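Please read the structure below before turning to the comments.
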Amino acid sequence: NQKKYILAIESSCDDTSAAVLCNTKVLSNVVATQEIHKQYGGVVPELASRAHQQNIVPVVHQALAKANIDKKQLSAIAFTRGPGLMGSLLVGTSFAKSLALGLDIPLIEVNHMEAHILAHFIEDDAQTTPEFPFLAMTISGGHTQIVKVTDHFNMEVLGETLDDAVGEAFDKSAKLMGLPYPGGPLIDKYAKLGDATAFSFPKPKVDGLNFSFSGLKTSILYFLQRESQKNSDFVAENINDICASVQYTILEILMEKLQMAVDQTGITRIAIGGGVAANSGIRGRLRDAEENLGWQTFIPKFEYCTDNAAMIGIVGYLKFNKGEFTQQNIAAKARYAI
Ligand code: KG4
Ligand code: ZN
3 NQKKYILAIE SSCDDTSAAV LCNTKVLSNV VATQEIHKQY GGVVPELASR
53 AHQQNIVPVV HQALAKANID KKQLSAIAFT RGPGLMGSLL VGTSFAKSLA
103 LGLDIPLIEV NHMEAHILAH FIEDDAQTTP EFPFLAMTIS GGHTQIVKVT
153 DHFNMEVLGE TLDDAVGEAF DKSAKLMGLP YPGGPLIDKY AKLGDATAFS
203 FPKPKVDGLN FSFSGLKTSI LYFLQRESQK NSDFVAENIN DICASVQYTI
253 LEILMEKLQM AVDQTGITRI AIGGGVAANS GIRGRLRDAE ENLGWQTFIP
303 KFEYCTDNAA MIGIVGYLKF NKGEFTQQNI AAKARYAI
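This is how it looks when you write it as structure tokens:
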């Protein structure tokens, strides 16, 4: 089997990333995280496109240099076509097209959601690849999906969020407590010190395997307003317990739906991905499920969980092997279903 070098580009949201893969192995994976959004408490699309425009060339240069690869050795360019912010996607798409044209090598378009799942197929000592079929749950600031994966490119979305993503639920709850963006990791940190049964929040009633998180945010808002009227130091005095209780509620929602998906499909191999996969609570719950329910669970290395180009590169490699190349007249797609 001949060695293929894929340069991959990801620019769907607020991370500009480029990676070089040699077949299934990652030679480099450079991510420029845009700090500019912090002060706004969320991603500002207009600023994101501008930062991608500034970062893309340096990030690609760094990825090639770290991989110790000359651009003339590249076999193909893979890029994120969607879903994501249009202005952000356009930067990566246009750059990938131009470079492929200039180097006269094939272009490969990649669906970002498929890539989060196929990140499990990156060959790395720090992670294990699940066998087919498996259930993939992608949980991040932009996505919440449960997908049945029968083969690399045979995927069926069983459920997804009807409103906020789970990472947004973490971040918006944290914001209500006065914590800085992104608040997910801070909730995780304080939750470890708190009592998860101190307060209880209602879980949404959503049919099937779909999710909803916007109601939780509202009930936390009313709860904090009510308690703060009685005691203006309520949040500060109870931050650990509030975080533990909020996180517990979110994890209950995720685990209930996973259990439903397992019951429905009979599949007990569970692969998670996305930034929320870093949460120590969800990791603990999956370990419990391994011990008590006989599930097999898979979590990629953290740098392949959050938005990154290496996951785009592995899809590029798999598509290259199938001869699935993309024409130069391709356009980015803000909404792009698996
Ligand atoms: O995958 P990611 O880096 O970017 C998106 O595609 O959104 O995910 C970022 C999200 C944020 O919402 C962040 O708060 C959340 O992942 N997150 C966490 C933790 N680490 C990151 N949420 C809960 N606990 C964590 N430890
Ligand atoms: Zn993502």
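So for the sequence shown, full-length UniProt numbering puts the first residue at 3; every next one is plus one.
Ideal Cβ placement from N, Cα and C applies to all residues, glycine included.
Bear in mind the structure is a predicted one, so any value in this text is a computation, not a measurement.
Counted within 10 angstroms of its Cβ, other Cβ atoms place residue i as buried (16 or more) or exposed
i	result
E116	buried
G275	buried
G210	exposed
T199	exposed
P204	exposed
Q36	buried
T328	buried
S202	exposed
D309	buried
I339	Note that residue 339 is Ala in the sequence shown, not Ile. With fewer than 16 other Cβ atoms within 10 Å, it is exposed.
D235	exposed
S230	exposed
L9	buried
Y306	buried
L103	exposed
Q330	exposed
K4	Inspection of the sequence shows that residue 4 is occupied by Gln rather than by Lys. With fewer than 16 Cβ atoms within 10 Å of its Cβ, Q4 is classed as exposed.
K295	Looking at the sequence provided, one finds Leu at residue 295 rather than Lys. Under this definition L295 is an exposed residue.
A279	buried
K232	exposed
N113	buried
N156	exposed
Close beta carbons around residue i, own chain, < 6 Å, minus the five adjacent residues each side
i	result
A34	T18, N57 and V61
L29	V22 and A69
L226	L178
I332	E111
I272	L137, W297 and T299
S13	H54, S90, V93 and G94
N281	D190
C245	I189, Y192, A193 and G196
T251	F203
P206	S214 and G217
Whole-Å CB distance - residue i paired with residue j, under 8 Å assumed
i	j	result
A171	K219	6 Å
I269	F136	6 Å
V149	A138	5 Å
F134	V159	Contact doesn't hold; Cβ gap of about 17 Å is too wide.
G143	G277	6 Å
A311	A20	5 Å
Q249	A193	4 Å
D243	G196	4 Å
E125	T26	4 Å
A98	I241	Contact doesn't hold; Cβ gap of about 44 Å is too wide.
Own chain residues within Cβ distance below 8 Å of residue i, not counting five before or after
i	result
L181	L188 and I189
A336	G84, P85, G86, L87, M88 and L91
K105	Here residue 105 is Leu; the residue named in the question, Lys, does not match the sequence. Around L105: K73, K74, L76 and I79.
E326	I110
Q41	none
S247	G196, D197, A198, T199, A200, F201, S202 and F203
Same chain only: Cβ atoms within 7 Å of residue i, ignoring 5 sequence neighbours per side
i	result
L253	G283, I284 and R287
S216	D165 and D166
residue 348	The chain is shown only over 3 to 340; residue 348 falls outside these bounds and no answer can be derived.
D173	G143, Y183, P184, G185 and G186
M262	L211
D153	F134
Within 8 Å, strictly: CB atoms of residue i and residue j
i	j	result
V208	L164	yes
C15	A65	no
F322	I255	no
K6	Y319	yes
E54	V45	In the sequence under discussion, the amino acid at residue 54 is His, which differs from the Glu named in the question. Contact: no.
G129	K324	Strictly speaking, residue 129 in this sequence is Gln, with Gly absent from that position. No, they are not a contact pair.
I314	F123	no
T140	H118	yes
I316	L120	yes
Residue i: CB within 7 Å of a non-hydrogen atom of the ligand GTP
i	result
H54	By its list of ligands, the structure shown excludes the ligand GTP, since it contains just the ligand KG4 and the ligand ZN.
Ignoring anything shorter than 4 residues or poking outside the stretch 55-94, list the alpha helix (DSSP H) runs there in chain order.
none
Can you list the beta strand (DSSP E) stretches of 3 or more residues lying completely in the stretch 134-205, in chain order?
The qualifying runs are 136-141, 146-153 and 156-162.
Alpha helix (DSSP H) segments (min. 4 residues) lying fully within the stretch 256-333
282-295 and 312-323
I'd like the ranges of any alpha helix (DSSP H) spanning at least 4 consecutive residues and lying wholly in the stretch 204-242.
216-232
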